[in-house]
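First comes the structure, then the notes that go with it.
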């Protein structure tokens, strides 16, 4: 597919959403810190892909195993909590960092994703952007979903 076709598909299926400032920022990508424990805090790049539902995560490590790229769909997200809302973040961070924190809670058994953003604004863009995209997908008709995401209908 050509990039012109992809851009057209994006504009047709996400009319209005692509102009959303939060979604634009997500598509540009952000460097954040993934927090698992006091000793395990790793920098990750998160970016919204052109399909408008997939968030890609990249490790900054150089080993081939760590270079494995991972992603998740906004449809897999149960909720996004702003601030220090997880036990992990409560144990490790001080209240001065609270507005820079996000917890992405997934549906099912997948572990939550605790993130420390570089700024309050970045955290707000990602939280609002994920909610905007979730609402857009929830409000799509089944036909729109099948046309937009023909290969992932089991998740819809």
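In mature numbering (1 follows the signal peptide of the UniProt record, and there is no 0), the protein residues as written are -15 to -1, 1 to 141.
Ideal placement from N, C-alpha and C gives every residue a C-beta, glycine not left out.
| query | When the Cα atoms are used, what is the spatial distance from residue 100 to residue 125? | reply | Translated into the one-based positions of the chain shown, residue 100 becomes position 115. Translated into the one-based positions of the chain shown, residue 125 becomes position 140. Rounded to the nearest angstrom, the two C-alpha atoms are 29 Å apart.
| Of the residues 71, 88, 103, 13, which one's Cα is nearest the Cα of residue 32? | Counting from one through the chain shown, the residue named residue 32 turns up at place 47. It is 13 whose Cα lies nearest to the Cα of residue 32.
| said: Do residue 15 and residue 102 have their beta-carbon atoms positioned less than 9 Å apart in this structure? | reply: In the chain shown, residue 102 corresponds to position 117, counting from 1. In the chain shown, residue 15 corresponds to position 30, counting from 1. Yes, the Cβ-Cβ distance between residue 102 and residue 15 is below 9 Å.
| field | Nearest candidate by alpha-carbon position, reference residue 71, set 30, 108, 88 | value | Counting from one through the chain shown, the residue named residue 71 turns up at place 86. Nearest option by C-alpha distance: 88.
| So who's on the other strand from residue 22, going by DSSP bridges? | Here residue 22 is taken as the residue at index 37 of the chain shown, counted from 1. BP columns for residue 22 are empty, so no partner.
| field | Residue burial classification, residue 25 (beta-carbon count within 10 angstroms, cutoff 16) | value | Sequence index remark: in the chain shown, residue 25 carries index 40 (1-based). So residue 25 counts as exposed.
| From residue 116 to residue 43, what does the alpha carbon distance come to, in whole angstroms? | Translated into positions along the chain shown, residue 116 becomes position 131. Translated into positions along the chain shown, residue 43 becomes position 58. So the two alpha carbons sit approximately 22 Å from each other.
| field | CB of residue 8 within 9 Å of CB of residue 93, strictly | value | Within the chain shown, the letter at position 23 stands for residue 8. Within the chain shown, the letter at position 108 stands for residue 93. It is not a contact, given that the beta carbons lie outside the stated cut-off.
| task | Assuming residue 90 contacts residue 123 (C-beta within less than 8 Å), just tell me the rounded distance between them. | result | Here residue 90 is taken as the residue at index 105 of the chain shown, counted from 1. Here residue 123 is taken as the residue at index 138 of the chain shown, counted from 1. Contact flag wrong, Cβ pair sits at about 17 Å.
| said: Output needed for residue 75: all residues of its chain with C-beta closer than 6 Å, excluding positions within five of it in sequence on either side, in chain order. | reply: Counting from 1 along the chain shown, the entry for residue 75 is found at position 90. 69.
| Straight-line Cα distance separating residue 108 from residue 56 | Taking the chain shown and counting its residues from 1, the one referred to as residue 56 is at position 71. Taking the chain shown and counting its residues from 1, the one referred to as residue 108 is at position 123. Each residue's alpha carbon lies about 19 Å from the other.
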